[in-house]
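**Student:** Each residue of the sequence shown is one higher than the one before, starting from 203 at the first, in our numbering. Note that CB positions come from ideal geometry on N, CA and C, so glycine has one too. For reference, the structure I am asking about is given below.
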Amino acid sequence: MRVGVNAFAIVHETEKEARAVLAEIIEKANPDAVNAFGHEVKNAGKSSPEGEGNWAKSSFEDLVQYNDGFRSNLIGTPEQVAERIVNLKRAGADLILLGFLHFQEEVEYFGKHVIPLVRAIEEAEASTAIAAE
203 MRVGVNAFAI
213 VHETEKEARA
223 VLAEIIEKAN
233 PDAVNAFGHE
243 VKNAGKSSPE
253 GEGNWAKSSF
263 EDLVQYNDGF
273 RSNLIGTPEQ
283 VAERIVNLKR
293 AGADLILLGF
303 LHFQEEVEYF
313 GKHVIPLVRA
323 IEEAEASTAI
333 AAE
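This is the structure:
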């Protein structure tokens, strides 16, 4: 079995800038649409084996980005987000499905500033593991 994680990435030079973007997204969300979505997914969850489903504990803020994409916490500096991605992979994630607010600009920034850090962390861990053997 493979595990995928839905995530919404907000990466900026400072965590304060990234958190400000998150706050703006939540502030501009349509409350009626978010609440209606929350009602429906929580209602659907009642038919799950555990009787509550995936979104039972989701807040309004979580539901602004479908599938709790903000809960993955890929929000912050490139270094913070890279470390969180590696942590998701350590926890068993095989795939991370990313969403971005301004897709073209942010995907390019993510590719230049986050992915190399993820690779560097993983290479350092692999080197440490080999040296320990």
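Taking A222 as part of the alpha helix (DSSP H), name the residues at either end of that continuous run.
**Tutor:** Translated into the one-based positions of the sequence shown, residue 222 becomes position 20. Counting along the chain, the alpha helix (DSSP H) containing A222 begins and ends at E217 to K230.
**Student:** Assess contact between the segment 204-215 and the segment 289-301, defined as three or more Cβ pairs (one per stretch) separated by less than 8 Å. Is contact present?
**Tutor:** Yes, the segment 204-215 is in contact with the segment 289-301.
**Student:** List, from N- to C-terminal side, the beta strand (DSSP E) runs of 3 residues or more that fit wholly inside the segment 290-334.
**Tutor:** Segments of the beta strand (DSSP E) lying fully in the segment 290-334: 297-301.
**Student:** Tell me whether A209 sits in a helix, a strand or coil according to DSSP, three-state version.
**Tutor:** Here residue 209 refers to the residue found at position 7 of the sequence shown. A209: strand per DSSP, three-state reduction.
**Student:** Within the same chain, show all residues whose beta-carbon is closer than 6 Å to that of H214, passing over the 5 residues directly before and after it, in chain order.
**Tutor:** Translated into positions along the sequence shown, residue 214 becomes position 12. Closer than 6 Å at the Cβ level, and outside the excluded window around H214, lie A220.
**Student:** Please list the segments of the alpha helix (DSSP H) lying wholly inside the segment 236-295, counting only runs of 4 or more residues, in order along the chain.
**Tutor:** Taking only runs of at least 4 residues, the alpha helix (DSSP H) segments lying wholly in the segment 236-295 are 262-266 and 280-292.
**Student:** Could you tell me the alpha carbon to alpha carbon distance between N275 and F210, rounded to whole angstroms?
**Tutor:** Working through the sequence shown from its first residue, we reach residue 275 at position 73. Working through the sequence shown from its first residue, we reach residue 210 at position 8. Going by the C-alpha atoms only, they are around 8 Å apart.
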